[in-house]
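Structure record follows, encoded as structure tokens.
Numbering (our numbering), first residue to last: 429 to 867.
The structure is reproduced here in structure tokens:
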């Protein structure tokens, strides 16, 4: 670009991350060249022009896509996402002035050094997220910047500067105008960041603007001092941060106790809180919320399943774990173990060690189950439909019933998954089925 006479800079998140000593996820350039001049500079290369209307051309390189955007000034944001139009400008500083936060409004050139007209480097050093210019104006242009700010805070360990935080809280209702898909993407970014718990505790009203069904958890006391030293939201935030940073698990921790306020009762004698049925209610809340956010079906189903089973009411015996494995599958059962560890870690000290020990015992038992040859469905049985036909059974529904009954006995460890034992049980079952048909 500069060989062709066009001033160009690396800009935005890549500069921020490099100054923090992090490896940038991707690189963006801004340039004095207009889009058609960028295209001319890279004639013969692979290019995408989908952003050309707003001044962006994407160069596809062996190391990944490189966005190249012309210095510009944005027009009004009628749709609260994209500017209605852009005006190409000659000066880098005018381009930097349109950006969201000071830490994202820096540019770098290997010969000219750092260009930082809004104090982004000082804010980096102080761990502060500050809007460029008027915070309310930035958030009203694109309300998603409110959640972006929380994501940066959670990822980098930063705090929102006072006027920026005040504007984010004041304008949080504007998040209702943002598409569900964009909200979910930022929400997952917040939840899977290292500082997720702190952000959930500091900015609950912003989270509740997009997930109002979670608001009843804030301030809701559990009345179980031996197990819980925080309200339901405090426990939830700490459980999120204690979980492995994987979307299904962290979403599960966000919703796992969401059913508690609606199911709360108190023991009339002891005054202790009870929450009978809260996993099922939490699963219902999670499904409704994730449907509204247009969450992918597989992720939504996994989260609902994990929320519904997070207390493991089915038990902790080997037989119960085997049944859970058959019903949930290996991936979700392993996630459930992560859920149990995170939930335990967010309990009061008196209960934490006991619950962590129980979770470790479950993990060891599941590891032993997974080390064995699996028998989780009819197709895993050491006998099949052909064996029942050979025993004289006719094709039809009864054949399926016999195989299902054999699987139940294997899952309950009443029978080993071994051919001789299963054939003997099958003979008896076939005899019973045929006897019933004769009657």
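All residues carry an ideal CB built from backbone N, CA and C; glycine is no exception.
Since the model is a prediction, treat every value here as computed from it, not as a measurement.
query, result
"Residue closest to residue 753, alpha-carbon to alpha-carbon, out of 805, 536, 719, 837", "805"
"Neighbour-count burial assignment, residue 745, 16 or more Cβ in a 10 Å radius", "exposed"
"Backbone CA spacing between residue 673 and residue 767 [nearest angstrom]", "11 angstroms"
"7 angstroms CB neighbourhood of residue 669 in its chain, flanking five on each side removed", "624, 625"
"Nearest-angstrom Cα separation, counted from residue 479 out to residue 561", "25 angstroms"
"Segment contact, 8 angstroms Cβ cut-off, at least three pairs: the stretch 725-738 with the stretch 681-692", "yes"
"Simplified DSSP assignment, three categories, for residue 706", "helix"
"Own chain residues within Cβ distance below 7 angstroms of residue 679, not counting five before or after", "619, 731"
"Inter-residue spacing [alpha-carbon to alpha-carbon] between residue 865 and residue 821", "Unreliable placement is indicated for residue 865, whose pLDDT of 44 sits below 50; the coordinate value is still reported in the next sentence. Roughly 11 angstroms between the two C-alpha positions."
"Nearest neighbour of residue 627, chosen from 667, 787, 760 [CA to CA]", "667"
"Within the stretch 752-786, ranges of the alpha helix (DSSP H) (whole runs, at least 4 residues)", "758-773"
"Other residues of its chain near residue 656: CB distance less than 7 angstroms, five sequence neighbours each side excluded", "650, 663, 775, 776"
"Nearest to residue 631 (by Cα), restricted to the options 622, 661, 609", "661"
"Stretch pair the stretch 429-445 + the stretch 455-465: three plus CB contacts closer than 8 angstroms", "yes"
"Unbroken beta strand (DSSP E) run spanning residue 492, endpoints", "492-498"
"Three-way DSSP call (helix, strand, coil) for residue 456 in this model", "strand"
"Pairwise C-alpha distance: residue 527 and residue 481", "18 angstroms"
"Burial state of residue 605 (16 or more Cβ within 10 Å)", "exposed"
"Residue 680 (DSSP reduced to helix, strand or coil)", "helix"
"Environment of residue 706 [buried if 16+ CB atoms lie within 10 Å]", "buried"
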